[in-house]
Amino acid sequence: MSMTIATEVPRHVAGRHIPWIVIPHDQLKLDEADALFYRECNQKSRDYIAQESARHAYLVSAVALPLIHVCMDEREQDVEEALGLPPGVANLVPTAGNKIGGMDEPNLVLFKEMHEEQQRAGSQGMLHIVLFVTHHSSSHPHTESCAAWGHDIEAADRHASEQVTRINEFYLGRDLENGRPLSRKVVAFHLRSDTDTEARTWIGHNGCVINPVEFAEQAENGGGLESRVLSRCIQAFPSTDPRFSGLEAGLRETLLKQIAAMLAANAKVVRRVISDRRPTQKLGHKGTRILVGRGWESLTETNRYFKFSDYSIGEDELMSGTYVIRNGVLEMLRTGQPFSVPFHVNTPYVLGDLTDRGASINHSLALARCIRNKWLKRIRQDPALTDFRNSLLHALRIVEPDLTSLDDLPPSVREYCFSHLAGALRFFISVSPRQTRLIEVVATEADL
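Going by my numbering, the sequence shown opens with residue 15, and the numbers climb by one from there.
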(Lines of atoms letter the chains of each structure in order from A and count residues from 1; the text may use other names and numbers.)
(Lines give C-alpha, C1' and ligand atoms only; values in the text may rest on other atoms or scores of the structure.)
Protein backbone atom coordinates (compact mmCIF):
# COMPACT_ATOMS: atom_id res chain seq x y z
CA MET A 1 0.00 0.00 0.00
CA SER A 2 1.34 3.42 -0.96
CA MET A 3 2.10 5.98 1.71
CA THR A 4 2.30 9.76 1.73
CA ILE A 5 5.53 10.30 3.62
CA ALA A 6 7.92 13.08 2.78
CA THR A 7 11.18 14.46 3.94
CA GLU A 8 11.98 18.14 3.93
CA VAL A 9 15.14 19.88 2.75
CA PRO A 10 15.91 23.61 2.44
CA ARG A 11 15.84 24.76 -1.18
CA HIS A 12 16.69 27.92 -3.10
CA VAL A 13 14.17 28.76 -5.77
CA ALA A 14 14.85 31.66 -8.16
CA GLY A 15 17.44 33.01 -5.74
CA ARG A 16 15.05 32.95 -2.76
CA HIS A 17 15.43 30.66 0.24
CA ILE A 18 12.25 28.56 0.53
CA PRO A 19 12.25 26.48 3.72
CA TRP A 20 11.06 22.89 3.81
CA ILE A 21 10.03 22.07 0.26
CA VAL A 22 8.36 18.64 0.17
CA ILE A 23 10.45 15.90 -1.43
CA PRO A 24 8.36 12.69 -1.52
CA HIS A 25 10.57 9.61 -1.43
CA ASP A 26 10.80 6.06 -0.13
CA GLN A 27 14.05 6.32 1.83
CA LEU A 28 12.44 6.79 5.23
CA LYS A 29 12.96 3.41 6.87
CA LEU A 30 9.87 2.24 8.74
CA ASP A 31 9.25 -1.12 10.31
CA GLU A 32 5.92 -2.74 9.54
CA ALA A 33 4.25 -1.52 12.73
CA ASP A 34 5.19 2.10 11.97
CA ALA A 35 4.18 1.76 8.33
CA LEU A 36 0.80 0.42 9.45
CA PHE A 37 0.41 3.31 11.88
CA TYR A 38 0.91 5.92 9.15
CA ARG A 39 -1.36 4.04 6.76
CA GLU A 40 -4.01 4.30 9.48
CA CYS A 41 -3.28 8.02 9.76
CA ASN A 42 -3.78 8.44 6.03
CA GLN A 43 -7.09 6.58 6.16
CA LYS A 44 -8.22 8.69 9.11
CA SER A 45 -7.40 11.78 7.06
CA ARG A 46 -9.62 10.55 4.22
CA ASP A 47 -12.41 9.79 6.70
CA TYR A 48 -12.03 13.25 8.23
CA ILE A 49 -12.32 14.97 4.84
CA ALA A 50 -15.36 12.84 3.96
CA GLN A 51 -17.21 14.06 7.08
CA GLU A 52 -16.96 17.76 6.28
CA SER A 53 -20.72 17.94 5.61
CA ALA A 54 -21.47 16.45 9.07
CA ARG A 55 -19.24 19.08 10.71
CA HIS A 56 -20.91 21.84 8.74
CA ALA A 57 -24.38 20.62 9.68
CA TYR A 58 -23.45 20.48 13.35
CA LEU A 59 -22.00 23.98 13.38
CA VAL A 60 -25.07 25.37 11.61
CA SER A 61 -27.41 23.88 14.21
CA ALA A 62 -25.26 24.37 17.35
CA VAL A 63 -25.05 27.47 19.49
CA ALA A 64 -21.64 26.69 21.03
CA LEU A 65 -18.25 25.40 19.87
CA PRO A 66 -16.91 22.70 22.24
CA LEU A 67 -13.42 22.78 23.75
CA ILE A 68 -12.71 19.62 25.74
CA HIS A 69 -10.00 19.22 28.36
CA VAL A 70 -9.38 15.49 28.70
CA CYS A 71 -6.73 13.23 30.17
CA MET A 72 -3.99 11.93 27.87
CA ASP A 73 -4.86 8.42 29.17
CA GLU A 74 -5.17 6.08 26.19
CA ARG A 75 -8.56 4.91 27.48
CA GLU A 76 -10.02 8.38 27.00
CA GLN A 77 -9.34 8.88 23.30
CA ASP A 78 -12.96 8.30 22.26
CA VAL A 79 -14.46 11.27 24.11
CA GLU A 80 -15.71 12.96 20.91
CA GLU A 81 -17.41 9.78 19.74
CA ALA A 82 -18.87 9.11 23.19
CA LEU A 83 -20.58 12.53 23.12
CA GLY A 84 -21.90 12.09 19.58
CA LEU A 85 -19.74 14.89 18.15
CA PRO A 86 -18.62 14.73 14.50
CA PRO A 87 -14.81 14.48 14.19
CA GLY A 88 -13.19 17.89 14.17
CA VAL A 89 -16.04 19.86 15.74
CA ALA A 90 -14.42 19.97 19.18
CA ASN A 91 -10.98 21.27 20.05
CA LEU A 92 -9.44 18.55 22.25
CA VAL A 93 -6.71 19.42 24.75
CA PRO A 94 -5.21 16.27 26.32
CA THR A 95 -2.86 16.63 29.29
CA ALA A 96 -1.88 14.40 32.21
CA GLY A 97 -4.99 14.34 34.38
CA ASN A 98 -6.25 17.37 32.40
CA LYS A 99 -4.31 19.52 34.86
CA ILE A 100 -4.13 23.06 33.58
CA GLY A 101 -2.62 24.74 36.62
CA GLY A 102 -3.81 25.66 40.10
CA MET A 103 -6.08 28.55 40.98
CA ASP A 104 -3.04 30.76 41.55
CA GLU A 105 -0.79 29.31 38.82
CA PRO A 106 -2.76 28.91 35.59
CA ASN A 107 -1.13 27.44 32.50
CA LEU A 108 -0.84 30.69 30.55
CA VAL A 109 -0.14 28.92 27.24
CA LEU A 110 -3.35 26.94 27.57
CA PHE A 111 -5.30 30.02 28.54
CA LYS A 112 -3.97 31.81 25.47
CA GLU A 113 -5.23 28.94 23.32
CA MET A 114 -8.61 29.08 25.06
CA HIS A 115 -8.79 32.83 24.49
CA GLU A 116 -8.08 32.35 20.78
CA GLU A 117 -10.76 29.65 20.64
CA GLN A 118 -13.20 32.00 22.35
CA GLN A 119 -12.44 34.68 19.78
CA ARG A 120 -12.94 32.14 16.97
CA ALA A 121 -16.33 31.17 18.38
CA GLY A 122 -17.29 34.82 18.82
CA SER A 123 -16.35 35.65 15.24
CA GLN A 124 -18.89 33.02 14.15
CA GLY A 125 -21.54 34.39 16.47
CA MET A 126 -21.30 31.35 18.73
CA LEU A 127 -20.75 30.64 22.39
CA HIS A 128 -17.85 28.55 23.57
CA ILE A 129 -18.60 25.48 25.70
CA VAL A 130 -15.64 24.22 27.76
CA LEU A 131 -15.77 20.67 29.17
CA PHE A 132 -13.40 19.40 31.88
CA VAL A 133 -13.46 15.59 31.84
CA THR A 134 -12.11 13.59 34.78
CA HIS A 135 -12.00 9.81 34.56
CA HIS A 136 -12.20 6.82 36.88
CA SER A 137 -12.99 3.12 36.89
CA SER A 138 -16.10 2.27 38.92
CA SER A 139 -15.01 -1.38 39.24
CA HIS A 140 -11.37 -0.71 40.26
CA PRO A 141 -11.33 2.90 41.54
CA HIS A 142 -8.04 2.67 43.47
CA THR A 143 -5.95 1.05 40.72
CA GLU A 144 -7.60 1.87 37.38
CA SER A 145 -8.65 5.50 37.73
CA CYS A 146 -6.52 8.49 36.70
CA ALA A 147 -2.84 7.67 37.30
CA ALA A 148 -1.89 11.34 36.97
CA TRP A 149 -3.88 11.96 40.16
CA GLY A 150 -2.62 8.82 41.90
CA HIS A 151 -6.14 7.37 41.44
CA ASP A 152 -7.43 10.04 43.82
CA ILE A 153 -10.81 10.67 42.19
CA GLU A 154 -11.81 13.37 44.67
CA ALA A 155 -8.64 15.40 44.00
CA ALA A 156 -9.21 15.21 40.24
CA ASP A 157 -12.83 16.27 40.67
CA ARG A 158 -11.83 19.19 42.90
CA HIS A 159 -9.38 20.43 40.28
CA ALA A 160 -12.00 20.22 37.53
CA SER A 161 -14.54 22.00 39.73
CA GLU A 162 -12.03 24.79 40.40
CA GLN A 163 -11.35 25.18 36.68
CA VAL A 164 -15.06 25.29 35.86
CA THR A 165 -15.56 28.02 38.47
CA ARG A 166 -12.53 29.95 37.22
CA ILE A 167 -13.51 29.80 33.55
CA ASN A 168 -17.14 30.70 34.17
CA GLU A 169 -16.05 33.76 36.14
CA PHE A 170 -13.10 34.74 33.94
CA TYR A 171 -15.13 34.99 30.73
CA LEU A 172 -18.03 36.90 32.29
CA GLY A 173 -18.22 40.58 31.44
CA ARG A 174 -19.44 42.73 34.34
CA ASP A 175 -20.55 46.29 34.77
CA LEU A 176 -17.59 47.95 36.49
CA GLU A 177 -19.76 50.14 38.71
CA ASN A 178 -22.22 47.66 40.21
CA GLY A 179 -20.73 44.29 39.20
CA ARG A 180 -23.86 43.17 37.36
CA PRO A 181 -23.28 40.53 34.62
CA LEU A 182 -23.35 42.09 31.17
CA SER A 183 -22.20 39.46 28.70
CA ARG A 184 -20.95 35.90 28.54
CA LYS A 185 -19.32 34.04 25.66
CA VAL A 186 -17.97 30.96 27.48
CA VAL A 187 -19.80 28.37 29.60
CA ALA A 188 -17.85 25.60 31.37
CA PHE A 189 -18.98 22.21 32.72
CA HIS A 190 -17.46 19.28 34.59
CA LEU A 191 -17.93 15.75 33.24
CA ARG A 192 -16.97 12.58 35.08
CA SER A 193 -16.00 9.72 32.75
CA ASP A 194 -16.35 6.08 33.82
CA THR A 195 -13.97 4.04 31.64
CA ASP A 196 -15.89 0.86 32.54
CA THR A 197 -19.22 1.90 31.06
CA GLU A 198 -18.24 4.82 28.75
CA ALA A 199 -20.65 7.05 30.70
CA ARG A 200 -19.86 10.77 30.69
CA THR A 201 -21.74 12.02 33.74
CA TRP A 202 -22.45 15.75 33.89
CA ILE A 203 -22.07 17.57 37.20
CA GLY A 204 -24.80 20.19 37.42
CA HIS A 205 -25.70 23.07 39.73
CA ASN A 206 -25.20 22.40 43.46
CA GLY A 207 -23.83 18.91 42.76
CA CYS A 208 -26.85 17.69 40.78
CA VAL A 209 -25.73 14.75 38.63
CA ILE A 210 -26.99 13.53 35.25
CA ASN A 211 -25.71 10.00 34.61
CA PRO A 212 -26.25 8.52 31.10
CA VAL A 213 -26.35 5.03 32.67
CA GLU A 214 -29.76 5.90 34.11
CA PHE A 215 -31.18 6.62 30.67
CA ALA A 216 -29.36 3.69 29.07
CA GLU A 217 -31.06 1.30 31.47
CA GLN A 218 -34.54 2.79 31.06
CA ALA A 219 -37.04 1.10 28.77
CA GLU A 220 -38.42 3.19 25.91
CA ASN A 221 -41.95 3.43 27.32
CA GLY A 222 -43.30 6.70 26.06
CA GLY A 223 -41.39 9.89 25.47
CA GLY A 224 -38.21 10.01 23.40
CA LEU A 225 -34.76 9.69 24.91
CA GLU A 226 -33.81 13.23 23.90
CA SER A 227 -36.86 14.82 25.53
CA ARG A 228 -36.32 12.91 28.79
CA VAL A 229 -32.66 13.90 28.89
CA LEU A 230 -33.52 17.54 28.16
CA SER A 231 -36.00 17.52 31.03
CA ARG A 232 -33.24 16.41 33.41
CA CYS A 233 -30.86 19.02 32.01
CA ILE A 234 -33.36 21.76 32.80
CA GLN A 235 -33.50 20.49 36.41
CA ALA A 236 -29.71 20.10 36.77
CA PHE A 237 -28.88 23.44 35.14
CA PRO A 238 -31.61 25.86 36.34
CA SER A 239 -31.84 29.51 35.38
CA THR A 240 -30.33 30.37 38.78
CA ASP A 241 -27.09 28.57 37.84
CA PRO A 242 -24.47 31.37 37.83
CA ARG A 243 -22.72 29.89 34.78
CA PHE A 244 -25.63 31.22 32.67
CA SER A 245 -25.51 34.77 34.04
CA GLY A 246 -24.79 37.27 31.31
CA LEU A 247 -26.23 35.13 28.51
CA GLU A 248 -28.57 36.73 26.03
CA ALA A 249 -32.23 35.85 26.44
CA GLY A 250 -33.09 32.35 25.23
CA LEU A 251 -29.49 31.18 24.88
CA ARG A 252 -29.61 28.99 28.01
CA GLU A 253 -32.47 26.93 26.58
CA THR A 254 -30.72 26.53 23.24
CA LEU A 255 -27.47 25.57 24.94
CA LEU A 256 -29.26 22.97 27.09
CA LYS A 257 -30.63 21.35 23.93
CA GLN A 258 -27.07 21.01 22.61
CA ILE A 259 -25.98 19.48 25.94
CA ALA A 260 -28.98 17.14 25.93
CA ALA A 261 -28.03 15.90 22.46
CA MET A 262 -24.54 15.00 23.74
CA LEU A 263 -26.03 13.25 26.77
CA ALA A 264 -28.53 11.30 24.68
CA ALA A 265 -25.80 10.21 22.26
CA ASN A 266 -23.69 9.06 25.21
CA ALA A 267 -26.64 7.15 26.70
CA LYS A 268 -26.90 5.17 23.44
CA VAL A 269 -23.18 4.33 23.64
CA VAL A 270 -23.57 3.22 27.26
CA ARG A 271 -26.57 1.08 26.32
CA ARG A 272 -24.45 -0.81 23.77
CA VAL A 273 -21.63 -1.29 26.30
CA ILE A 274 -24.02 -2.68 28.91
CA SER A 275 -25.78 -4.96 26.42
CA ASP A 276 -22.41 -6.29 25.21
CA ARG A 277 -21.53 -7.09 28.86
CA ARG A 278 -18.08 -5.52 28.55
CA PRO A 279 -17.95 -3.00 31.44
CA THR A 280 -14.29 -3.71 32.33
CA GLN A 281 -12.84 -3.82 28.82
CA LYS A 282 -10.56 -0.82 29.39
CA LEU A 283 -8.64 -2.00 32.43
CA GLY A 284 -4.90 -1.33 32.43
CA HIS A 285 -2.59 0.97 30.49
CA LYS A 286 -1.92 -0.81 27.20
CA GLY A 287 -0.58 2.07 25.10
CA THR A 288 2.57 1.50 23.07
CA ARG A 289 2.79 4.80 21.16
CA ILE A 290 2.98 8.41 22.28
CA LEU A 291 1.36 11.12 20.17
CA VAL A 292 2.59 14.62 21.00
CA GLY A 293 1.11 17.93 19.92
CA ARG A 294 -2.03 18.55 17.88
CA GLY A 295 -3.48 17.02 14.75
CA TRP A 296 -3.99 13.53 16.20
CA GLU A 297 -7.65 14.01 17.05
CA SER A 298 -8.85 11.65 14.33
CA LEU A 299 -7.10 8.71 16.01
CA THR A 300 -9.74 7.68 18.54
CA GLU A 301 -8.86 4.03 19.18
CA THR A 302 -8.55 3.34 22.89
CA ASN A 303 -5.81 1.37 24.67
CA ARG A 304 -3.32 2.12 21.89
CA TYR A 305 -1.95 5.66 22.13
CA PHE A 306 -1.11 8.15 24.83
CA LYS A 307 -1.76 11.70 23.63
CA PHE A 308 -0.71 14.99 25.12
CA SER A 309 -0.78 18.47 23.69
CA ASP A 310 2.20 20.71 23.11
CA TYR A 311 0.85 23.12 25.74
CA SER A 312 2.23 21.00 28.59
CA ILE A 313 5.10 18.51 28.38
CA GLY A 314 6.20 17.96 31.97
CA GLU A 315 4.39 15.18 33.77
CA ASP A 316 2.77 14.25 30.45
CA GLU A 317 5.86 12.93 28.67
CA LEU A 318 7.23 11.27 31.81
CA MET A 319 4.04 9.31 32.52
CA SER A 320 3.33 8.31 28.94
CA GLY A 321 6.96 7.29 28.30
CA THR A 322 7.12 5.35 31.55
CA TYR A 323 4.02 3.31 30.75
CA VAL A 324 5.19 2.56 27.21
CA ILE A 325 8.53 1.42 28.67
CA ARG A 326 6.72 -0.65 31.29
CA ASN A 327 4.71 -2.40 28.57
CA GLY A 328 7.94 -2.98 26.66
CA VAL A 329 9.63 -4.44 29.76
CA LEU A 330 6.73 -6.84 30.30
CA GLU A 331 6.90 -7.93 26.67
CA MET A 332 10.67 -8.34 26.95
CA LEU A 333 10.21 -10.55 30.02
CA ARG A 334 7.79 -12.70 28.05
CA THR A 335 9.65 -12.92 24.75
CA GLY A 336 13.22 -11.74 25.37
CA GLN A 337 12.85 -9.28 22.48
CA PRO A 338 14.01 -5.66 22.86
CA PHE A 339 11.45 -2.90 22.50
CA SER A 340 11.27 0.69 21.29
CA VAL A 341 9.65 3.85 22.62
CA PRO A 342 8.09 5.76 19.70
CA PHE A 343 7.26 9.46 20.05
CA HIS A 344 5.26 10.93 17.16
CA VAL A 345 5.42 14.74 17.31
CA ASN A 346 3.03 16.74 15.13
CA THR A 347 1.99 20.37 14.69
CA PRO A 348 -0.83 21.55 12.39
CA TYR A 349 -0.50 24.35 9.86
CA VAL A 350 -2.67 26.26 7.42
CA LEU A 351 -2.71 24.56 4.03
CA GLY A 352 -0.97 26.65 1.40
CA ASP A 353 0.87 28.86 3.88
CA LEU A 354 4.58 28.04 3.56
CA THR A 355 5.54 30.38 6.38
CA ASP A 356 3.09 28.74 8.78
CA ARG A 357 4.22 25.31 7.64
CA GLY A 358 7.87 26.15 8.24
CA ALA A 359 7.07 27.50 11.71
CA SER A 360 5.11 24.34 12.51
CA ILE A 361 8.03 22.14 11.44
CA ASN A 362 10.40 24.11 13.65
CA HIS A 363 7.94 23.82 16.53
CA SER A 364 7.68 20.03 16.11
CA LEU A 365 11.46 19.71 15.96
CA ALA A 366 11.90 21.82 19.10
CA LEU A 367 9.34 19.71 20.98
CA ALA A 368 11.05 16.50 19.91
CA ARG A 369 14.50 17.79 20.97
CA CYS A 370 13.16 18.87 24.34
CA ILE A 371 11.56 15.49 25.02
CA ARG A 372 14.56 13.53 23.76
CA ASN A 373 17.04 15.50 25.88
CA LYS A 374 14.99 14.99 29.03
CA TRP A 375 14.78 11.26 28.41
CA LEU A 376 18.50 10.97 27.73
CA LYS A 377 19.15 12.58 31.10
CA ARG A 378 16.70 10.22 32.80
CA ILE A 379 18.21 7.13 31.23
CA ARG A 380 21.71 8.27 32.16
CA GLN A 381 20.42 8.74 35.71
CA ASP A 382 20.99 12.46 36.00
CA PRO A 383 20.68 13.15 39.77
CA ALA A 384 18.27 15.99 38.99
CA LEU A 385 15.92 13.60 37.15
CA THR A 386 15.53 10.52 39.35
CA ASP A 387 11.80 10.49 38.66
CA PHE A 388 12.11 7.86 35.90
CA ARG A 389 13.40 5.04 38.11
CA ASN A 390 10.72 5.72 40.71
CA SER A 391 7.97 6.01 38.09
CA LEU A 392 9.02 2.82 36.31
CA LEU A 393 9.13 0.85 39.55
CA HIS A 394 5.68 2.13 40.49
CA ALA A 395 4.27 1.29 37.05
CA LEU A 396 5.74 -2.22 37.12
CA ARG A 397 4.41 -2.89 40.61
CA ILE A 398 0.88 -2.45 39.30
CA VAL A 399 1.28 -5.69 37.36
CA GLU A 400 4.19 -7.24 39.32
CA PRO A 401 3.31 -6.54 43.00
CA ASP A 402 6.27 -8.58 44.32
CA LEU A 403 8.80 -6.34 42.60
CA THR A 404 10.51 -4.36 45.38
CA SER A 405 13.37 -2.83 43.36
CA LEU A 406 14.42 -2.44 39.75
CA ASP A 407 17.46 -4.51 40.77
CA ASP A 408 15.07 -7.48 40.98
CA LEU A 409 14.66 -7.38 37.20
CA PRO A 410 16.73 -9.86 35.19
CA PRO A 411 20.18 -8.34 34.44
CA SER A 412 19.52 -8.23 30.70
CA VAL A 413 16.31 -6.26 31.18
CA ARG A 414 17.87 -3.88 33.70
CA GLU A 415 20.86 -3.33 31.40
CA TYR A 416 18.55 -2.60 28.50
CA CYS A 417 16.54 -0.03 30.49
CA PHE A 418 19.56 1.93 31.66
CA SER A 419 22.22 1.35 29.00
CA HIS A 420 20.50 0.61 25.70
CA LEU A 421 17.20 2.43 26.07
CA ALA A 422 18.62 5.64 24.61
CA GLY A 423 18.95 3.83 21.29
CA ALA A 424 15.37 2.63 21.56
CA LEU A 425 13.95 6.16 21.70
CA ARG A 426 12.42 6.81 18.30
CA PHE A 427 11.09 10.12 17.07
CA PHE A 428 8.90 10.85 14.09
CA ILE A 429 8.50 14.58 13.46
CA SER A 430 5.59 15.67 11.30
CA VAL A 431 3.16 18.42 10.40
CA SER A 432 -0.41 18.22 9.13
CA PRO A 433 -2.72 20.65 7.31
CA ARG A 434 -5.58 21.74 9.54
CA GLN A 435 -7.97 21.26 6.63
CA THR A 436 -7.06 17.60 5.95
CA ARG A 437 -5.18 16.29 9.03
CA LEU A 438 -2.93 14.36 6.65
CA ILE A 439 0.26 13.52 8.57
CA GLU A 440 3.44 14.49 6.71
CA VAL A 441 6.57 13.01 8.29
CA VAL A 442 9.46 15.46 7.86
CA ALA A 443 12.23 14.10 10.12
CA THR A 444 13.25 11.32 12.48
CA GLU A 445 15.56 11.10 15.51
CA ALA A 446 18.58 11.15 13.20
CA ASP A 447 17.70 14.74 12.31
CA LEU A 448 17.43 16.03 15.86
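Heads up, the beta-carbon is just placed ideally off N, CA and C, and yes, glycines get one too.
Applying the 10 Å Cβ sphere with the 16-neighbour rule, what's the burial state of residue 99?
buried
Neighbour-count burial assignment, residue 301, 16 or more Cβ in a 10 Å radius
buried
Going by the DSSP bridge assignment, what does residue 51 pair with across the sheet?
Paired residues: none, contrary to the question.
What is the C-beta distance between residue 382 and residue 443, in whole angstroms, given that I count them as a contact (C-beta under 8 Å)?
5 Å
Beta-carbon separation of residue 203 and residue 216 under 8 Å?
yes
Determine the burial state of residue 327: buried for a count of at least 16 other Cβ atoms within 10 Å of its Cβ, exposed for fewer.
buried
Are the region 275-294 and the region 64-71 touching by the rule of at least three beta carbon pairs closer than 8 Å?
no
Assess, as a yes-or-no matter, whether the region 351-369 is touched by the region 431-449 under the definition of 3 or more beta carbon pairs within less than 8 Å.
yes
Euclidean distance between Cα positions of residue 109 and residue 448
21 Å
Helix, strand or coil at residue 168 [DSSP, three-state]
helix
Within a Cβ cutoff of 6 Å, which residues of the same chain sit near residue 419, ignoring the five residues on either side of it in sequence?
none
For the beta strand (DSSP E) containing residue 356, name the first residue and the last one.
355-363
Check the C-beta distance from residue 94 over to residue 101 and give it rounded, since I have them as a contact under 8 Å.
6 Å
Taking the alpha-carbon positions, what's the residue 461 to residue 360 distance?
15 Å
Check whether the Cβ atoms of residue 131 and residue 81 lie closer than 8 Å to each other.
yes
Can you grab the Cα-Cα spacing for the pair residue 208 / residue 150, in whole Å?
5 Å
Taking C-alpha atoms, which residue in 323, 402, 305 lies nearest to residue 315?
305
Would residue 111 and residue 160 qualify as a contact pair, given that the criterion is a beta-carbon distance under 8 Å?
yes
Proximal residues to residue 40 (C-beta, below 6 Å), its chain only, five neighbours per side dropped
Confidence at residue 40 is low in this model, with a pLDDT of 48, below 50, so the placement of that residue is unreliable and no value is reported for it.
From residue 107 to residue 227, what does the alpha carbon distance come to, in whole angstroms?
26 Å
Buried or exposed by the 16-neighbour rule on C-beta atoms within 10 Å, applied to residue 47
exposed
Between which two residues does the beta strand (DSSP E) holding residue 201 run?
200-208
Uninterrupted beta strand (DSSP E) stretches inside the region 223-304 (no shorter than 3 residues):
none
Exposed or buried, which one is residue 221 when buried takes at least 16 other CB atoms within 10 Å?
exposed
Residue 239 and residue 281 - do their beta-carbons sit closer together than 8 Å?
yes
Do you know whose CA, among 201, 283, 267, lies nearest residue 256's CA?
201
By the DSSP assignment, the beta strand (DSSP E) with residue 146 in it spans what residues?
141-150
Just the Cα atoms here: how many angstroms apart are residue 231 and residue 139?
38 Å
Examine the Cβ distances between the region 412-431 and the region 339-349 and report whether three or more of them are shorter than 8 Å.
yes
Spatial distance of residue 124 from residue 325 (CA atoms)
6 Å
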